[in-house]
Amino acid sequence: MGPFRPPGVLRFRGHVVHTTFPEVAVGSLQAKVVVSTTFLLLFGTLFVYSTSYPLAYRLYGDPFALLVRQLVGAGLGLGLLLVLWWLDYHLWAEIDDLLLAGVFLGSLLTLFPGIAVGGRWLRLGPLAFQPTELGKLALILYVASSLVRRGERIRNFQEGVAPYLVVLGAFGLVLALQPDFGMFVLYVSLTAFLLFVGGVALRPLFVTAACLIPVGGILLLAAPYRLGRLLAFLNPAAYRETYGYQVYQSLLAIGAGGVWGRGLGASRAKLFYLPAAHNDFAFAVVGEETGLIGCLILIGLLAWLVGLGVKAAARAPDRLGTLYALGASFMLGFQALMNLGVVVGILPVTGLTLPFVSYGGSSIAVTLALCGLILGVARAAERHQPVRVAEVAQ
């Protein structure tokens, strides 16, 4: 006879693999993450349809065409969420480098005509997928796992900074050729954040950051459209008919919404006055249709989810779980702040989408996967919580 295992539990390389659906107690951290994710998914799906149906009808003669694609992406994302929630998160530390290498290979393929679609996407049957979106999850898993594996060695430059500069340099080259400067900013910010909270010595980290600032400036100024966006940010009135047109129309839409909004579906900006109303500037349509109240509700839900992720990190049973949850929370929160800053004109245009609300099958799939990673850490935290209470009592 083999060793006894509780029903619904298997082991793989020393890690717990649950074969039953997670039990979620009412009022638990997991339950709150599920509730916040559900509300955001419903809110976002509603506005994906509201912002995309004019374009969908013009392109395909079907107002639901883009919504259907979004729902397919959400379905894939829910599958990823369940996997990341269901399995012991230590499993990802076994394959993090393979996942990152796979994402990098997929990103390279986008540079080859005939394989790629639009320079950033790969065709998967009837669907197109953006590998660099999946890179957000893969980068969290790789950086967090490798920091834990290296232990105290991360205090020196060779172990704590140099390997990640190589990774960022490789991805940076691909993203420069696509081009996708906004995603590169996201990758660099995420990596720097994880290195900081992961315990890398501050001196080499700050010296490296200081050396990279001129490189970022060169990349920013190398493309005329990026320079134009920067100039439009510095002087919006002078460029409101050219590089600043999107932001100008965005502010008009938000202002037209007032406190209560025009009503669901009643936006005028999405009728081709505001370019990218269904993805990068979806928040402007939210403001126009639901007003200040709707905007505050959306921002509140996003802040709640990020706060729950930070709470999961604080309660995680080990350093790996803490870094996973912090990485996922940072990615969701930082990307949302970047998008909102662009839409209201306090940041230059970056091309980053708003989690849950912007159209994009790859984006919603990875966003839900990040929520799954938070849930996986929260589940482990609540499983270990009784042990911690007992230790305190002793």
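Per this note's numbering, the sequence shown starts with residue -6, numbered consecutively. For glycine and all other residues, C-beta sits at the position ideal for the given N, C-alpha and C. Since this is a predicted model, take the numbers as computed values, not measurements.
Which class does leucine 93 belong to by DSSP, given the choice of helix, strand or coil? Position 100 of the sequence shown, counted from the first residue, corresponds to residue 93. DSSP places leucine 93 in helix when its eight states are reduced to three.
Buried versus exposed, by CB contacts within 10 Å (16 or more), glycine 293: For this step, residue 293 is matched to residue 300 along the sequence shown. The residue is exposed, with fewer than 16 neighbouring Cβ atoms inside 10 Å.
Discussion item. With a threshold of 7 Å on Cβ separation, who are the neighbours of valine 96 within its own chain once the five nearest residues in sequence on each side are excluded?
Written reply: Here residue 96 corresponds to residue number 103 of the sequence shown, with the count starting at 1. Cβ contact annotation for valine 96 (same chain, cutoff 7 Å, sequence separation greater than five): Pro124, Leu127, Gly128 and Ala131, in chain order.
Give me the Cβ distance between tyrosine 317 and tyrosine 82, rounded to the nearest whole Å; I'm assuming they're in contact under 8 Å. Here residue 317 is taken as the residue at index 324 of the sequence shown, counted from 1. Here residue 82 is taken as the residue at index 89 of the sequence shown, counted from 1. Contact annotation, tyrosine 317 with tyrosine 82: C-beta distance approximately 6 Å; criterion of less than 8 Å satisfied.
| Rounded straight-line distance, which links the Cα of glycine 314 to that of valine 370 | The count along the sequence shown starts at 1 and reaches residue 370 at position 377. The count along the sequence shown starts at 1 and reaches residue 314 at position 321. Looking at the two C-alpha atoms, the distance is approximately 6 Å.
* **N-terminal and C-terminal residue of the beta strand (DSSP E) that arginine 116 is part of** => As a working note, residue 116 is residue 123 in the sequence shown. DSSP places arginine 116 in the uninterrupted beta strand (DSSP E) bounded by 114 to 117.
| query | Using the C-alpha atoms, what's the distance from valine 252 back to serine 389? | reply | Outside the shown range of the chain, which is -6 to 387, sits residue 389, and nothing can be said about it.
| query | What residue from Gly258, Pro268 and Leu298 has the CA that sits closest to glutamate 281's CA? | reply | Looking up residue 281 in the sequence shown gives position 288. Residue Gly258 is the option with its Cα nearest to glutamate 281.
(message) Runs of 4 residues minimum, wholly inside the stretch 224 to 301: which ones carry the alpha helix (DSSP H) assignment?
(response) Complete alpha helix (DSSP H) runs here, min 4: 238 to 250.
With which residues is phenylalanine 122 paired in a DSSP beta bridge? Taking the first residue of the sequence shown as position 1, residue 122 is located at position 129. Leu115.
Under 8 Å by Cβ, that's how I've got glycine 300 and tryptophan 78 pegged, so tell me the actual separation to the nearest angstrom. Numbered from its first residue, the sequence shown carries residue 300 at position 307. Numbered from its first residue, the sequence shown carries residue 78 at position 85. Contact between glycine 300 and tryptophan 78 is ruled out by a C-beta separation of about 19 Å, above the 8 Å threshold.
* Enumerate, from N- to C-terminal direction, the unbroken beta strand (DSSP E) stretches of 3 or more residues contained entirely within the stretch 6 to 88. => Listed in chain order, the beta strand (DSSP E) runs fully inside the stretch 6 to 88 are 8 to 11, counting runs of at least 3 residues.
Practice task
May I have the straight-line CA-CA distance separating threonine 283 from glycine 320, to the nearest angstrom?
Solution key: Reading the sequence shown from its first residue, position 290 is the one you call residue 283. Reading the sequence shown from its first residue, position 327 is the one you call residue 320. Cα to Cα, threonine 283 sits roughly 31 Å from glycine 320.
Original post:
Between leucine 363 and the rest of its own chain, which residues show a CB-CB distance below 7 Å, the 5 nearest in sequence each way excluded?
Top reply: For this step, residue 363 is matched to residue 370 along the sequence shown. In chain order, Leu130, Ala321, Met324 and Leu325 place their CB closer than 7 Å to the CB of leucine 363, counting only its own chain and leaving out the 5 sequence neighbours on each side.
Own chain, CB closer than 8 Å to alanine 249, minus 5 neighbours either side, in chain order: Your numbering for residue 249 matches position 256 in the sequence shown. Shown here for alanine 249: same chain residues with a beta carbon closer than 8 Å to its own, the five before and five after excluded, namely Arg255, Arg261, Ala262 and Glu281 in chain order.
* To do: Taking only the alpha-carbon atoms, compute the straight-line gap between glycine 338 and isoleucine 206 and give it to the nearest angstrom.
  => Against the sequence shown, residue 338 aligns to sequence position 345. Against the sequence shown, residue 206 aligns to sequence position 213. Using only the alpha carbons, I get a separation of about 23 Å.
*asked:* On the criterion of 16 or more Cβ atoms from any shown chain inside 10 Å, does isoleucine 286 qualify as buried, or is it exposed?
replied: By one-based count along the sequence shown, residue 286 stands at place 293. Answer is exposed; the Cβ neighbour count stays below 16.
Use the C-beta contact count for valine 382: other C-beta atoms within 10 angstroms, 16 or more gives buried, fewer gives exposed.
The count along the sequence shown starts at 1 and reaches residue 382 at position 389. Any reading at valine 382 must be qualified, since the residue scores a pLDDT of 35, below 50, and its modelled position is unreliable; the value itself is stated next. Exposed is the call here.
Next on the checklist: Can you tell me where the alpha helix (DSSP H) holding arginine 148 begins and where it ends?
Outcome noted: As a working mapping, residue 148 is identified with position 155 in the sequence shown. Taken as a continuous stretch (DSSP letters only), arginine 148 belongs to no alpha helix (DSSP H), as it is neither H nor E.
In terms of residue numbering, what span does the alpha helix (DSSP H) encompassing glycine 326 cover? Residue numbering aside, residue 326 sits at position 333 when the sequence shown is read from its first letter. Glycine 326 -> alpha helix (DSSP H) spans 312 to 336.
For this session: For tyrosine 352, count neighbouring Cβ atoms within 10 angstroms of its own Cβ and tell me buried if that reaches 16, exposed if not.
Result: Within the sequence shown, numbered from 1, the residue matching residue 352 stands at position 359. Counting the other CB atoms within 10 Å of its CB gives tyrosine 352 a total of 16 or more, which places it among the buried residues.
**Prompt:** In whole angstroms, what is the alpha-carbon distance linking arginine 146 and glycine 153?
**Reply:** Within the sequence shown, the letter at position 153 stands for residue 146. Within the sequence shown, the letter at position 160 stands for residue 153. C-alpha separation (whole angstroms): 7 Å.
Exercise. Whose C-alpha, out of Gln63, Leu361, Gly191 and Gly112, is nearest the C-alpha of arginine 148?
Worked result: As a first step, residue 148 is located in the sequence shown; it is residue number 155 there, counting from the start. Sorting Gln63, Leu361, Gly191 and Gly112 by C-alpha distance to the C-alpha of arginine 148 places Gly191 at the top.
- Taking all protein chains shown into account, decide if asparagine 228 is buried (16 or more other Cβ within 10 angstroms of its Cβ) or exposed. To locate residue 228, count along the sequence shown from 1; it is residue 235. Burial call: exposed.
- Message: Contact defined as beta carbons within less than 8 Å: I believe valine 336 pairs with alanine 270. What is the distance between those atoms, to the nearest angstrom?
- Response: Along the sequence shown, one-based indexing puts residue 336 at 343. Along the sequence shown, one-based indexing puts residue 270 at 277. The distance from the Cβ of valine 336 to that of alanine 270 is about 11 Å, inconsistent with a contact at the 8 Å cut-off.
Less than 6 Å between C-beta atoms, sequence neighbours within five positions excluded: which residues of the same chain meet that for leucine 340? On the sequence shown, position 347 is the one that residue 340 refers to. Contacts found: Gly334.
Euclidean distance between Cα positions of phenylalanine 349 and leucine 98 = Taking the first residue of the sequence shown as position 1, residue 349 is located at position 356. Taking the first residue of the sequence shown as position 1, residue 98 is located at position 105. For the pair phenylalanine 349 and leucine 98, the Cα-to-Cα distance works out to about 27 Å.
Item to complete: Take the Cβ of tyrosine 266 as the centre, count every other Cβ of all protein chains shown within 10 Å, and call the residue buried at 16 or more, exposed below.
Response: Within the sequence shown, the letter at position 273 stands for residue 266. With a threshold of 16 other beta carbon atoms within 10 Å, tyrosine 266 falls short and is exposed.
How far does the alpha helix (DSSP H) with phenylalanine 177 in it reach, from first residue to last?
Against the sequence shown, residue 177 aligns to sequence position 184. Start and end: 174 to 191.
Note to self: For phenylalanine 199, count the other beta carbons within 10 Å of its own beta carbon; 16 or more makes it buried, fewer makes it exposed. Which is it?
What the structure shows: Taking the first residue of the sequence shown as position 1, residue 199 is located at position 206. Taking all protein chains in view, the Cβ of phenylalanine 199 is surrounded by fewer than 16 other Cβ atoms within 10 Å, so the residue is classified as exposed.
Cutting at 7 Å between CB atoms, please list the residues of its own chain near valine 65, excluding the five before and the five after it.
Here residue 65 is taken as the residue at index 72 of the sequence shown, counted from 1. Taking C-beta separations shorter than 7 Å and ignoring five residues to either side along the sequence, the partners of valine 65 in its chain run Leu120 and Gly354, following chain order.
- Item | Beta-carbon gap between alanine 49 and leucine 39 smaller than 8 Å | The count along the sequence shown starts at 1 and reaches residue 49 at position 56. The count along the sequence shown starts at 1 and reaches residue 39 at position 46. In this structure, leucine 39 does not lie closer than 8 Å to alanine 49 by Cβ.
Output the distance between the C-alpha atoms of tyrosine 42 and phenylalanine 57, rounded to the nearest integer angstrom. By 1-based counting over the sequence shown, the position of residue 42 is 49. By 1-based counting over the sequence shown, the position of residue 57 is 64. If you draw a straight line from the Cα of tyrosine 42 to the Cα of phenylalanine 57, it comes to about 7 Å.
First through last residue of the alpha helix (DSSP H) which encompasses tyrosine 157: Mapped onto the sequence shown, residue 157 falls at position 164. For tyrosine 157, the enclosing alpha helix (DSSP H) stretches over residues 155 to 170.
Notebook entry, point to check: With C-beta atoms as the reference, is glutamine 151 less than 8 Å away from leucine 368?
Noted result: Taking the sequence shown and counting its residues from 1, the one referred to as residue 151 is at position 158. Taking the sequence shown and counting its residues from 1, the one referred to as residue 368 is at position 375. Not closer than 8 Å, so no.
Open item on the list: Suppose contacts are defined by Cβ-Cβ distances below 8 Å. Is leucine 92 in contact with leucine 134 by that definition?
Closed with: By 1-based counting over the sequence shown, the position of residue 92 is 99. By 1-based counting over the sequence shown, the position of residue 134 is 141. Yes, they are a contact pair.
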